[in-house]
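For the protein sequence lines, the chains are A and B, in the order given. Numbering-wise, the first sequence is residues 1 to 296 according to my numbering. Numbering-wise, the second sequence is residues 1001 to 1296 according to my numbering. By construction, the Cβ of each residue, glycine as well, lies at the ideal position given by its N, Cα and C atoms. Only one structure is covered here, and it is reproduced in the block below.
Number of protein chains: 2
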Amino acid sequence: MNKLVECVPNFSEGKDKGKINQIFNAAKKVKSVKVFELEWDKSHNRSLFTIVGAPEGVFKSVYEAIKVATKLIDMENHVGEHPRVGATDVVPFVPIGGVSMKECVALAKKLGSKVGKELKIPVYLYETAATRPDLVNLAKVRRGQYEGLKGEISKPERKPDFGPSKMHKSAGAMVIGARKYLIAYNVNLDTKDVGVAKKVASKIREKDGGLPAVKAMGFKVDGCAQVSMNLVDYEKTNVDEVYREIEKWAKRYKVGIKNSEIYGMIPLDALVRMAKVTLKAERFKGAQILENRIFE
Amino acid sequence: MNKLVECVPNFSEGKDKGKINQIFNAAKKVKSVKVFELEWDKSHNRSLFTIVGAPEGVFKSVYEAIKVATKLIDMENHVGEHPRVGATDVVPFVPIGGVSMKECVALAKKLGSKVGKELKIPVYLYETAATRPDLVNLAKVRRGQYEGLKGEISKPERKPDFGPSKMHKSAGAMVIGARKYLIAYNVNLDTKDVGVAKKVASKIREKDGGLPAVKAMGFKVDGCAQVSMNLVDYEKTNVDEVYREIEKWAKRYKVGIKNSEIYGMIPLDALVRMAKVTLKAERFKGAQILENRIFE
């Protein structure tokens, strides 16, 4: 199987389409990877896109984008609603196929080291790549944001993992890490009563004692009660498992499932796992998919 | 688009790994095709693998394998649970891309003619390649199996399409044809009573009024009652649909499903359809699979 890594770099520029495109196009220079789904938000003053490919290609592609962002974005003049510490704010690597989390952590560290040395930007490792427990959570790494970190970066407890203990004069700091693939998944209930969706959401989400790695909220969307979810680790709870759990809880309120929607992209491995669980086919594997064998 | 044909020859040897490998390696001699997913089953005493490539390459590759199987397998000493009439039992050609069903039928006839002439093995054409209505169905072609066909092959109604009207002394007969993509799928029941598997099989198979494009039989495999199926058109009945139907019928005999097994390869499209149905996610499409975006 081909080695596949996803990277979703976030940049502190969400207004100037010219600059946003320059950063996006820099990533596209590496022809061996796919770069897509450019998104930007003016009030957040932030943009992001997705790079997918073999580890080396993704590494080169995101580094090209970081170099351009470092030149174009000045954090001294940046205003936006979203928390941020630098021009290239967050860079997560995500294992997609044929790659372990360990390899993504190694990739994060390699990128952090290069950014620290060559661009003189302080780098913090977060999530699975974190080297200290207080840096696992992204919100904690970014506390005080660009302005606050500037005054605290010389303190021992805020020492970066790579680069100088001093903010880059215009690009600030950077957070690089590795995390699991996130699936955005919505289930629409056969009722207009948003209260049912809210109750079901509270039953299934991890923080209220529900399924592991499930974040859920109840909304009313197009007149329909919707359980809107982020599955932050489909190896713990996959789309089919959460579907059946919602079905079970909704039944207690005499409500059925109208339909469901996978929002955006899903890794093939999640479908393979779904087949394994739904069909109790423990031995089923991705290599049994015809297309995987022909184009390998 | 490149012309792609799949061929899945089935051989009556599922125990002797040395012989199985010799047959597999013969097919691999043709370097222009992919030969993979060798599987074998001791109680069925049967093995199969997949060849994919351009029509000419696939033709050469499968013929090499047939030649070796003809030398190595003696049907006079063959015992196994799966119906069979010969050493190389069944050879289907399946259009995958850029090739019509008609081209696959022509390929089947060309192979049948060569096997009849050069190896002196009687050959029956089946499914889309069949020349008589009573030979379309594989089960009908194989009725009586090796032992039964031996006594009947000289009768006009059992005259083969190619080769002598007489069984090959050790290799028996062969069935060659063209068909749609077939998913081999087994569901193991939580009982040792093969009678339940046989009853469930009779409820779900098309010929007895069950699900369309489903062929099913009940076996005892590794001490477990198994519903063994061929899904001959997954666009009509897919793995998840037949799983739920079996679950429903087995319940009437107070039996559950132990596990299931997709045997060999499955097209990605079948998994996408499974997600759509199981999750009521009508709008889900293959383009949402990350890997598909990369190799498009």
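Chain A contact residues for residue i, given Cβ-Cβ distances below 7 Å
i: B/A1281; result: N259, S260, E261, I262
is_contact[residue i, chain B] using C-beta, thresh 7 Å
i: A/P267; result: yes
i: A/Y234; result: no
i: A/K34; result: yes
i: A/C7; result: no
8 Å Cβ cut-off: residues of chain B touching residue i
i: A/Q288; result: E1037, I1262, G1264, M1265, I1266
Contact set between residue i and chain A, taken where Cβ atoms lie within less than 9 Å
i: B/L1271; result: L268, L271, V272, M274, A275, I289
Chain B residues whose Cβ lies nearer than 7 Å to that of residue i
i: A/I96; result: L1290
DSSP bridge partner residues for residue i (one or two, in chain order)
i: A/D89; result: DSSP lists no partner for A/D89.
i: B/A1178; result: B/F1093, B/E1127
i: A/F219; result: A/Q226
i: B/A1034; result: Reading off the sequence shown, one finds Lys at residue 1034 of chain B, where the question assumed Ala. In the DSSP output, where bridge partners are listed per residue, B/K1034 has B/V1052.
i: A/I183; result: A/L231
i: B/E1261; result: B/N1186
i: B/S1047; result: B/F1011, B/W1040
i: A/H168; result: A/G172
i: A/I289; result: B/I1266
i: B/V1214; result: B/L1231
i: A/F162; result: A/V123
Cβ-Cβ separation, residue j to residue i (assumed contact under 8 Å), whole Å
i: B/L1111; j: B/Y1124; result: The pair is not a contact, with the Cβ atoms about 12 Å apart (cut-off 8 Å).
i: A/L107; j: A/P55; result: 6 Å
i: A/D74; j: A/S170; result: 4 Å
i: A/A216; j: A/A178; result: In fact, because the Cβ distance is near 24 Å, the residues do not count as touching under 8 Å.
i: A/L290; j: B/L1268; result: 7 Å
i: A/Y185; j: A/I262; result: 6 Å
i: A/G151; j: A/P122; result: A/G151 to A/P122, Cβ: 14 Å. No contact.
i: B/E1206; j: B/A1213; result: 6 Å
i: B/L1279; j: A/D240; result: 7 Å
i: B/R1142; j: B/V1085; result: 5 Å
i: B/E1039; j: B/F1219; result: Not quite, the Cβ-Cβ distance comes to about 16 Å (not below 8 Å), so this is no contact.
i: B/K1258; j: B/D1190; result: 5 Å
Neighbour flag for residue i against chain A, beta carbons, 7 Å
i: B/F1284; result: yes
i: B/T1191; result: no
i: B/T1131; result: no
i: B/W1040; result: no
i: B/M1001; result: Low confidence applies to B/M1001: its pLDDT is 43, below 50, so where it sits in the model is not reliable, and the reading given next is rough at best. Not one chain A Cβ lies under 7 Å of B/M1001.
i: B/N1010; result: no
Cross-chain neighbours of residue i in chain A, by beta carbon under 8 Å
i: B/T1278; result: D240, Y243, M274, T278
Check distances from the C-beta atoms of the segment 200-222 of chain A to those of chain B and list, in chain order, the residues that come in under 7 Å.
-> none
Where the segment 236-248 of chain A meets chain B: residues whose CB sits under 9 Å from a CB there = V239, D240, Y243
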